[in-house]
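What follows is a single structure, written as structure tokens, with notes after it.
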Amino acid sequence: MSNSLTIKKTGLNISTIASKTTVNQTGGKMRFLQTVFVLGVTLLFSTGCASFKEISETQKTYGLRRMPNAEDFPNSDAVTVIESHFIDMNFDTNDNIYTVEETHVVQRVFRNFDKYANVEIMLDHDDKLMSIEARTINPEGEVVTLLSTDFHTATGVTYESEFISDRKAIRFAFKNVQAGSVLEYKCRILSDFAYGGVTWHVQQDIPVILNVMKLSVPTYLVDKLTLLDENQKEYKWDWIYKAYGMDIGQPTVERPLSNQVEDEQKYIFTWKLKKIHSFQREPFCPPYTETVGHVRFATKTSWNGIAKRYMDRFWNPQALITPKVLEKTNRIIEGVSSDEEKVRLLSNYVKSIRYTAIQLGDGGYRPRKPQEVIDTQYGDCKDKSTLLITMLRSIGIVAKPVLVRTYNRGQLDPEFQGMGWFNHMIAKVELPDQTLWIDPTSENSQFGELPWLDEGVWVCVLDSNKAQIEKTPVRDQNQNKMDVKIQAVLFGESGMNFHFVIEHYGNWALFLSNELKDLSLSDLQKYCKSLVADEFLNSKIQNIKLSKREGIDKPLTLEFDAVMPNAIQQQGDLCYAKIDPFKMFESMTWLSSENRRYPIRYSYPYSVHKTVQIKLSDAYKVRNLPKTLKLSTYDLDYMSSYENQSDSELIFKEDYAVKSREIPASEYQSIQTFFSRIQNSSAEKVVLTK
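Numbering-wise (my numbering), the sequence shown opens with residue 894 and increments by one.
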């Protein structure tokens, strides 16, 4: 449940304030305070921050007794001693809202200096870095302060695989860093919004001794402020906040002095957290945003309000049905009467347009006009989705833009409204007899198929001035399956030729289509080799065939031969046969830790069904086969069996199914036991005699 704080200012144009805040929220712009994610285009290097104090004075200011050392944190490369953020809200002479954020960070490093000595500050448009300073304090007391020439600006940066033209990066490196050095920096950022879209990353990948967040609000904005006793406080203003992965409690409130000028009086809300343990990522862990302790701030609004502002300001002015767009649409669907086939043809056309993650200007949330996308033949997710929706609407088919937070970024919280959640756009198409979800950036997906990143996630469907929070469909383990059929024929005394036929369905097929579409023959051979179990690594891969997928329920088929010269090895009177060349599991080292904090997260439910048929010569007889193993634990199933059809033929079957995307951490011990038994069973050998 989110916390609410309400403010207002009498006589001001509140709609102007709200729109300015929304501009910064729209397009998923959030402040990543842990890595000094700073908004702004204009960089003014100066020493305008309050000058650095002696480090002992800084410790005293923050109530720290001493500087930590390596012995205090033997398992950490560094420690954040202090991280402080103070966001001060004000109004300019035109009654426009703005904030000044001051960040102060002090770290002490023990090992792997480069990771902490190199800092990047990312700047978006419209805001200003007012001042910045940084220094190194070595154990001997030497102080090395960076000069203005030590800060370097790069225009146009790549952030999370997208190139954004109006974002800048300021990079600097602390000098003369050694074991035990203290790294300290301060910066001040001027922003034209109030707290909306801010994320306070309380937890980091190193321990944090003290993390402070302060928000100041002019007293004349306060609509209701209830101060109860020391243990119960309730504060309300026009922004909401919510903590994830940790409890931050209620803020303390510093009230203004009575002798201050009224316009200068402010309430200061402070959260102060101490001794925060480092975030330790685990294998198959949920995304960072679902696991690391952080706090989100957003403008208090509704999903309908977000939809209206986004559609009015960014989408509707761009989604124009021009004569050229209509002409192109009619040319593509010429002679077609079925609405479903029209959608198929138009989506195939838009998918064929080159995807590029280049955002120009405010392209983080404003799509380019459909005619421009047709003319240039490239676009990002918003561009391609808007083009498809516009083309469909031009012929009377209902289609809506859908804002998505992809599965790899963590789940959206439907109860916490804000544009900061979203990083993707797709289309929802409503026909009389079916609903279709289409991702125009997924070039190799079949008609009616979403890639796993879009499956099973909360999305915001935009319809004029309304928004509907819905969950996209997700396929189960029977739809995301891999059927592996292997026939093995003995040649010579001990060699085997294994013929693989692997049918991929659902997300397996889509994954393989994306992975293999542009591979050379040698790279394709390497991929096939990667499917072969470790004990078959000296096998030769040949006769590769890759079929095309012909529909959503049809497989993508990969065929190849693996020639193994020494599949049967003789030891005395016994012969041991290697009959299973396909590895079902990757390394199980991720199960080595004793306990687990976070759930086990899979990309999608899936199943693998394998049958290996071995034809032996009359020279061999089966002496011993491993026993059948059948296991089931929390949403995991496994079965392996051996069957002696005749003295010259063996059949090995192995099935594995993951029936859900997530397994709770509380089931970790049972999962360990499950895989341990599989591992022990796989070590058993097929024994032959001559």
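No residue lacks a Cβ here, since even glycine has one placed at the ideal position from N, Cα and C. Values in this document were obtained by computation on a predicted structure and should not be read as measured data.
Over the uninterrupted beta strand (DSSP E) stretch that includes alanine 1200, give me the two end residues. Premise fails: alanine 1200 lies in the alpha helix (DSSP H), 1196-1203, not in any beta strand (DSSP E).
Using only CA atoms, which one of Thr1112, Gln952, Ile1014 and Lys1583 lies nearest to serine 1024? With distances taken between Cα atoms, serine 1024 lies closest to Ile1014.
Quick check on DSSP: helix, strand or coil for lysine 1476? In the structure shown, the three-state DSSP call for lysine 1476 is coil.
Nearest residue (CA-CA) to phenylalanine 1482, options Ile1564, Leu1449 and Asn1316: This sequence places threonine at residue 1482; phenylalanine is not what is there. If we check each option's Cα against that of threonine 1482, Ile1564 comes out closest.
On the CB-based measure, 16 or more other CB atoms within 10 Å of its CB, does alanine 1576 come out buried or exposed? By the 10 Å Cβ count, alanine 1576 comes out exposed.
Whole beta strand (DSSP E) runs in the region 1287-1314 with 3 or more residues, listed along the chain? 1291-1297, all fully within the region 1287-1314.
For threonine 1365 and valine 1037, what's the separation of their Cα atoms in angstroms? Going by C-alpha positions, threonine 1365 is about 54 angstroms away from valine 1037.
Close beta carbons around leucine 1417, own chain, < 6 angstroms, minus the five adjacent residues each side: Leaving aside the five residues that flank leucine 1417 on each side, the residues in its chain whose CB is nearer than 6 angstroms to its CB run, in chain order, Ile1437.
Glycine 1349 versus tryptophan 1330: straight-line alpha-carbon distance, rounded: Approximately 12 angstroms, taken between the alpha carbons.
Taking the DSSP output, what are the residues bridged to valine 1354? Looking at the DSSP assignment, valine 1354 forms a beta bridge with Val1295 and Gln1361.
Within its chain, find whatever has a CB closer than 6 angstroms to the CB of valine 1266; leave out the 5 residues flanking it on each side and keep chain order. Counting only residues of its own chain and dropping the five nearest sequence neighbours on each side, valine 1266 has a CB closer than 6 angstroms to the CB of Gly1272, Asp1276 and Leu1280.
Sorted by chain position, which residues of the same chain lie with C-beta nearer than 6 angstroms to valine 1012's C-beta, five sequence neighbours on each side aside? The answer, listed in chain order, is Phe1065.
What residue ranges within the region 998-1069 form continuous beta strand (DSSP E) runs of no fewer than 3 residues, ordered along the chain? List check, beta strand (DSSP E) in window: 1011-1016, 1021-1030, 1036-1038, 1045-1052 and 1055-1066.
Mark glutamine 1173 as exposed unless 16 or more other C-beta atoms lie within 10 angstroms of its C-beta, in which case mark it buried. The residue in question, glutamine 1173, is exposed, as its Cβ has fewer than 16 Cβ neighbours within 10 Å.
Span separating the alpha-carbon of phenylalanine 1567 from that of lysine 1168: Approximately 37 angstroms between the Cα atoms of the pair.
How many Å lie between proline 1344 and proline 1519 at the Cα? For proline 1344 and proline 1519, the distance between alpha carbons rounds to 39 angstroms.
Whole angstroms are fine: how far does the CA of serine 1278 sit from the CA of proline 1294? Between the alpha carbons of proline 1294 and serine 1278 lies a distance of about 7 angstroms.
Using a threshold of 7 angstroms, state whether the C-beta atoms of glutamate 1396 and proline 1474 are closer than that. Taking 7 angstroms as the Cβ cut-off, glutamate 1396 and proline 1474 do not qualify as a contacting pair.
Is it buried or exposed for lysine 1583, if we count other Cβ within 10 angstroms and need 16 for buried? Its Cβ having fewer than 16 others within 10 Å, lysine 1583 is exposed.
By a C-beta neighbour count over all protein chains shown, 10 Å radius and 16 as the cutoff for buried, is asparagine 1241 buried or exposed? Asparagine 1241 should be labelled exposed.
Using a 10 Å radius around the Cβ and a threshold of 16 neighbouring Cβ atoms, would you call glutamate 976 buried or exposed? Glutamate 976 counts as buried, since at least 16 other C-beta atoms from the protein chains shown sit within 10 angstroms of its C-beta.
Are threonine 1163 and lysine 1107 touching if we call contact CB-CB under 7 angstroms? Contact flag set, yes.
Can you confirm whether the region 1093-1100 touches the region 1187-1202 when touching is taken to mean that 3 or more C-beta pairs between the two stretches lie within less than 8 angstroms? At 8 angstroms Cβ cutoff, the stretches touch.
Pick helix, strand or coil for asparagine 1573, following the three-state DSSP scheme. Looking at asparagine 1573 - three-state DSSP - the assignment turns out to be helix.
So the alpha helix (DSSP H) leucine 1409 belongs to, where does it begin and stop? Where leucine 1409 is concerned, the enclosing alpha helix (DSSP H) starts and stops at 1400-1409.
Look up glutamine 1097 in the DSSP assignment and give the residues it is bridged to. Answer is none; glutamine 1097 lacks a bridge partner.
Could you give the distance in angstroms between the alpha-carbon of glutamine 1220 and the alpha-carbon of isoleucine 1214? The identity of residue 1220 in the sequence shown is glutamate, whereas the question assumes glutamine. Glutamate 1220 and isoleucine 1214: Cα-Cα distance of roughly 10 angstroms.
Give the DSSP-derived three-state secondary structure of proline 1111 in the structure shown. Shown here, proline 1111 sits in a strand according to DSSP, grouped into three states.
Which same chain residues end up closer than 6 angstroms to alanine 1010 when comparing Cβ atoms and leaving out the 5 residues on each side of it in sequence? Ala1066, Phe1067 and Val1070, listed in sequence order.
May I ask which residues mark the beginning and end of the beta strand (DSSP E) holding valine 893? Residue coverage of the chain in this structure runs from 894 to 1583, which leaves residue 893 outside it and unanswerable.
Leucine 1219: beta carbon under 6 angstroms from a heavy atom of the ligand SAH? The model depicted lacks the ligand SAH and carries no ligand whatsoever.
Using the C-alpha atoms, what's the distance from histidine 1170 back to asparagine 968? Going from the Cα of asparagine 968 to the Cα of histidine 1170 covers about 12 angstroms.
If you run the structure through DSSP and keep just helix, strand and coil, what is asparagine 1390? Note: asparagine 1390 maps to strand in three-state DSSP.
Express the C-alpha separation of glutamate 994 and asparagine 1400 in angstroms, rounding to a whole number. Rounded to whole angstroms, asparagine 1400 to glutamate 994 spans 44 angstroms at the Cα level.
Endpoints, alpha helix (DSSP H) assigned at asparagine 987: Annotation: asparagine 987 is outside any alpha helix (DSSP H) and is labelled neither H nor E by DSSP.
Same chain, Cβ closer than 7 angstroms to glutamate 1363, neighbours up to 5 away in sequence not counted: The answer, listed in chain order, is Val1352 and Val1354.
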